[in-house]
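This report refers to the structure that appears directly beneath it.
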Amino acid sequence: MTLTRSEVRQAQARAAAMIATAGIVLSEEEQGHIEVAGFGLGNLNVQGLQLITYVNTDRYCAKELVLFPRQTCPQHLHPSLDGMPGKMETFRCRWGRVLLYVEGEPTPNGQAILPAGSESSYTVFHEIILSPGEQYTIPPSTYHWFQSGAEGAIISEFSSTSRDELDIFTDPSVERMPVVVEDE
1 MTLTRSEVRQ
11 AQARAAAMIA
21 TAGIVLSEEE
31 QGHIEVAGFG
41 LGNLNVQGLQ
51 LITYVNTDRY
61 CAKELVLFPR
71 QTCPQHLHPS
81 LDGMPGKMET
91 FRCRWGRVLL
101 YVEGEPTPNG
111 QAILPAGSES
121 SYTVFHEIIL
131 SPGEQYTIPP
141 STYHWFQSGA
151 EGAIISEFSS
161 TSRDELDIFT
171 DPSVERMPVV
181 VEDE
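With this note's numbering applied, the sequence shown corresponds to residues 1 to 184, in that order.
Structure follows, in C-alpha cells:
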C-alpha cells in the first residue's frame, strides 16, 4: 500500500511539531526532509515511523526517530553484509516513552499493544522501557521492534552505517522504502 503526498505532508508536519515541543531544533532543510515510513502496511498511525537522518557515512549514522502515540515500528533486524556485522544501534529516549522489544527472556505482562492483524509478525518480547535520558544498545543482527507510549516518543539513534533498504522484517508484507503517490 502506498502513501499519498498529502498523508506524507501531514505526517511530516505532525512530526516537526512533536520535535519542536521536545525542544529539538531542526533547520528548515531538515524539516523538509523528514522521512515518513508507512512500511506499505496501510495504517501509518499504527505501524509506521517518521525519521530525520542527520548523517549516514560508511562509519556511523545519527537520526531522530519520531513515533506518534502508540505507533509501532515493525519487528526487524539489521543483517550482516559482505562480512561486515549488521548495524549496531543505540536508542536514547529524548521525549515521551519508548517500549523496546528485543530477543531474550519474554517479559511477563508487557505493555505494548500488538497491531491488530499483524500479531504473528511479532515474536520477541523482552521489554525495555525507556524514559527521557535513558538509552539501550541493540547488538547487530538482533530482532527488535518498538512502540511509543500514549503521548508519542522521540528517540535519538546513534549507530554504525544504516542500510535501511536491507533490513529484514518478520512481516513479509513490509515494504521498507516508501512509495508515495500524488493525490488525485
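C-beta atoms are modelled at their ideal positions from N, C-alpha and C, and glycine is treated no differently.
Beta-carbon spacing of residue i, residue j below 8 Å
i, j, result
"C61", "T161", "yes"
"L65", "L51", "yes"
"A149", "G96", "Before going further, note that residue 149 is Gly rather than Ala in the sequence given. Cβ atoms of G149 and G96: closer than 8 Å."
"V102", "Q71", "no"
"T142", "L77", "yes"
Burial state of residue i, where buried means 16 or more other Cβ atoms lie within 10 Å
i, result
"L166", "exposed"
"I113", "exposed"
"E105", "exposed"
"P115", "buried"
Collapsed DSSP secondary structure at residue i in the structure displayed
i, result
"S121", "helix"
"I52", "strand"
"Q10", "helix"
"E127", "strand"
"L99", "strand"
"L166", "helix"
Any C-beta of chain D under 8 Å from that of residue i
i, result
"E182", "Of the chains in the structure shown, none is chain D; there is only one protein chain."
Residue interval of the beta strand (DSSP E) (run including residue i)
i, result
"A153", "144 to 159"
"Q135", "135 to 138"
Secondary structure, beta strand (DSSP E): runs of 3+ residues fully inside the region 12 to 93: List check, beta strand (DSSP E) in window: 35 to 37, 49 to 56, 61 to 67, 72 to 77.
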